[in-house]
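A.B. asks: Numbering (this note's numbering), first residue to last: 979 to 1435. The C-beta atom is built at its ideal place from N, Cα and C for all residues, glycine as well.
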Amino acid sequence: MTAPFLEVLAATLPDLRLSTDAVDLEAHRRDETAFLEPPLPLAVAWPTSTAQVAGIVRLAAAHRVPLVPRGAGTGLSGGAIAVAGGLTVSLTRMNRILEIDEENRVVVVQPGVLNVDLKTAVAAHGLFFAPDPASYETCTIGGNLATNAGGLCCVKYGVTGDAVLGLEVVLADGAVIRTGGRNVKDVAGYDLAGLFIGSLGTLGIITEATLRLIATPAPRQTLLAFFPTIEASGAAVAAMVRGGVQPCTLELMDAFTIRAVNAGCSLGLDETAAAMLLVESDLPGAAGAEELDRAERACDAAGVGLLVRAQDAAEADLLREGRRKAHWALEAMGASRMEDVVVPRSRVPDLLRAIHEIGDRHGMETGVFGHAGDGNLHPSFIFDRDDPTGAARLQLAEADLFRATLALGGSVTGEHGIGVIKRSWLEATRGPDAVRVMRAIKAALDPLGILNPGTML
Ligand SMILES: Cc1cc2nc3c(=O)[nH]c(=O)nc-3n(C[C@H](O)[C@H](O)[C@H](O)COP(=O)(O)OP(=O)(O)OC[C@H]3O[C@@H](n4cnc5c(N)ncnc54)[C@H](O)[C@@H]3O)c2cc1C
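1. Should Glu1393 be counted as a contact of ligand 1 given a C-beta to heavy atom distance under 7 Å?
2. Shortest alpha-carbon distance to Arg1008 belongs to which of Ala1032, Thr1028, Pro1047?
3. Would you say the beta carbon of Asp1009 comes nearer than 7 Å to a heavy atom of ligand 1?
4. In chain order, what residues of the same chain lie with their CB nearer than 6 Å to the CB of Met979, ignoring the 5 residues before and after it?
5. Arg1156: buried (16+ other C-beta within 10 angstroms of its C-beta) or exposed?
6. In the DSSP assignment, what are the bridge partners of Ala1023?
7. Taking 7 Å as the line, does the beta carbon of Arg995 fall inside it for any heavy atom of ligand 1?
8. Taking DSSP as the reference, what is the three-state secondary structure of Ala988?
9. Short of 7 Å in beta carbon distance, which residues of its chain neighbour Leu1003, apart from the five on each side in sequence? Order them along the chain.
10. May I ask which residues mark the beginning and end of the beta strand (DSSP E) holding Val1239?
11. Answer with buried or exposed for Ala1418, where buried requires no fewer than 16 other C-beta atoms within 10 angstroms of its C-beta.
12. Going by Cα to Cα distance, which pick from Val1319, Val1415, His1349, Arg1401 is closest to Ala1382?
13. I'd like to confirm something about His1340: is its beta-carbon nearer than 7 Å to some heavy atom of ligand 1, or not?
14. From this set, Arg1083, Asp1338, Pro1089, which residue's C-alpha is nearest Phe1107's C-alpha?
15. What residue ranges within the segment 1085-1123 form continuous alpha helix (DSSP H) runs of no fewer than 4 residues, ordered along the chain?
16. Check the C-beta distance from Gly1387 over to Val1321 and give it rounded, since I have them as a contact under 8 Å.
17. Arg1298 and Leu1256: beta carbons closer than 8 Å?
18. Could you check whether the Cβ of Cys1117 sits closer than 7 Å to any heavy atom belonging to ligand 1?
19. In whole angstroms, give me the CA-to-CA distance for Ala1332 and Leu1379.
20. Ligand 1 heavy atoms versus the CB of Pro1111: any closer than 7 Å?
21. Can you tell me the Cβ-Cβ gap for Pro1327 and Ala1422, rounded? I've got them flagged as a contact below 8 Å.
22. Tell me where the alpha helix (DSSP H) around Glu1335 begins and ends.
23. By alpha-carbon positions, which one of Thr1185, Gly1221, Thr1227, Ala1153 ends up nearest to Leu1201?
24. Counting only the same chain and skipping the five closest in sequence on each side, list residues whose C-beta sits under 8 Å from that of His1340.
25. How do the segment 1215-1224 and the segment 1290-1304 stand: do at least 3 beta-carbon pairs fall below 8 Å, yes or no?
26. Taking a contact to mean a Cβ-Cβ separation below 8 Å, would you say Val1398 touches Ile1183 in this structure?
27. Would you tell me roughly how many angstroms separate the C-alpha atoms of Ser1314 and Gly1057, rounded to the nearest one?
28. Determine, using beta-carbon pairs with one atom in the segment 1229-1247 and one in the segment 1340-1359, whether at least three such pairs fall under 8 Å.
29. Here's the rule I'm using: 16 or more other beta-carbon atoms within 10 Å means buried, otherwise exposed. How should Lys1163 be labelled?
30. May I ask you to report which of helix, strand or coil DSSP gives Phe1013?
31. Looking only at its chain, what residues have a beta carbon closer than 7 Å to the beta carbon of Ala1267, apart from the 5 residues adjacent to it on each side?
32. Secondary structure at Glu1004, three-state DSSP: helix, strand or coil?
33. Do you know how far the Cα of Ala1039 is from the Cα of Leu1426?
34. What does Val1154 pair with, by DSSP beta-bridge criteria?
35. Distance check for Thr1052 and Val1477, CA to CA, integer angstroms please.
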């Protein structure tokens, strides 16, 4: 059925860019989960309008061809990897900012807009789009919505879903629906936007989003706190949360990550420390300084070693950039896989201890960084690329990590999503009845199972 499908698709949508070129297929095979070995897609399509997306979906449903929606392919859970015999639908050419509505402080965008381009465009109007995954320069808004991406300033401004007012979505039968719009309050019916946010392209293809903006905050003031023990850094995070300190960034890097970032970015961070916190305030002037004073007091109480404030905005940018590069810096240290676990924030010290115990138990170097202020950490267990036992040991370490996280009341994914790599942990995390409800929703919205099959469920 597949070749006739492509012929009919090309004939029905003659303006649609469609490719079966080997280079295009290879480029759309993987996302950032380099350890997976997915098949090549049947073809790749680059629609430029909602009507084209709806046309693709209608034909795919008629021909029972699986569809994989795709943004920039920076996902870390395998959500955008190709499916055998499937058409990958790249939304990257639907990349227009349709309207910046200053009066209502909203922006209307197509899904292929890069997060960085949206931030830049609204900044020219004195406005700020808060969601900022560390990959913000390369990932798309569609991908952010479909993963409900987090990032560095969630601790103050929430995740991507918190910025959504309305979506336009193409359903699995080609129908186009709208959920919400410019109303800041709207409770008519079920929260359908909430269904699609974080659904990893398994329930519909997002073709437009109406997003909430806020006034551009003041320039950030930045504090670095270096701790003699990893537990002390976790205790400082817990103390800040308990004390109501509300920085816009509260990020952690452990000793191994500090060394990796220094090696990659020459930042000169204190390598004698067991862990470092990056704390930023975007309150204006004296209020920002006062917020960092309170953060310092929490760090002092937890037994901090060295406290350093960035001299100016340029130095602060450099330090934040170092944190954003942590993933790549760790990848340069050996074979590794960035994990993504989250616990209640008071349990961060316990999670940090558990992560390092697990690394030691399985004989692997451990690098941890992440959004400590959200309780969301990204441990990487690292082994020599030539070590034939590495992958198997990593699997055991991962299972131990997920068990420890769940025992602390946490979840196996804070922001990257279940994708294909954590399917077997969904039930342990949510429970069988919740997963039954998820399957019922999937069956109701995509009865033929053509939207991103194999992802999440
Ligand atoms: C260095 C690095 C740092 C990162 N830092 C963060 C971070 O701080 N926080 C964080 O949350 N993530 C982070 N990520 C992961 C990733 O960047 C995010 O998940 C991002 O939201 C993915 O966007 P994308 O455009 O690349 O989507 P893709 O990877 O292309 O797709 C992701 C998922 O969304 C679906 N999808 C994409 N577009 C649509 C659409 N229009 N409609 C329906 N479904 C769609 C896909 O099917 C897939 O399931 C990081 C990744 C890297 C490599």
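C.D. replies: Straight from the coordinates:
1. Glu1393 Cβ: within cutoff of ligand 1.
2. Pro1047
3. yes
4. At Met979 the pLDDT is 42, less than 50, meaning the model places this residue with poor confidence; the figure from the coordinates comes in the next sentence. His1041, listed in sequence order.
5. exposed
6. In DSSP, Ala1023 forms a bridge with Leu996, Val1067.
7. no
8. helix
9. These residues qualify, in order along the chain: Leu1018, Pro1019, Val1022.
10. Careful: Val1239 lies outside any beta strand (DSSP E), inside the alpha helix (DSSP H) at 1233-1243.
11. exposed
12. Ranking the options by Cα distance to Ala1382, first place goes to Val1319.
13. no
14. The candidate whose alpha carbon is nearest that of Phe1107 is Arg1083.
15. 1093-1101
16. 6 Å
17. yes
18. Result yes, Cβ under 7 Å from ligand 1.
19. 8 Å
20. yes
21. 42 Å between Cβ atoms; not a contact.
22. 1326-1339
23. Nearest to Leu1201 by C-alpha distance, out of Thr1185, Gly1221, Thr1227, Ala1153, is Thr1227.
24. Phe1359, Arg1371, Leu1372, Leu1374, Ala1375, Asp1378
25. Taking 8 Å as the limit for Cβ pairs, the verdict is that the segment 1290-1304 does not touch the segment 1215-1224.
26. Taking a C-beta distance under 8 Å as the contact criterion, Val1398 and Ile1183 do not qualify as a contact pair.
27. 19 Å
28. yes
29. Lys1163 is exposed by the Cβ-count criterion.
30. coil
31. Gln1199
32. Residue state, collapsed to three classes: helix.
33. 7 Å
34. Val1148
35. The chain is shown from 979 up to 1435; residue 1477 falls before or after that span and cannot be answered.
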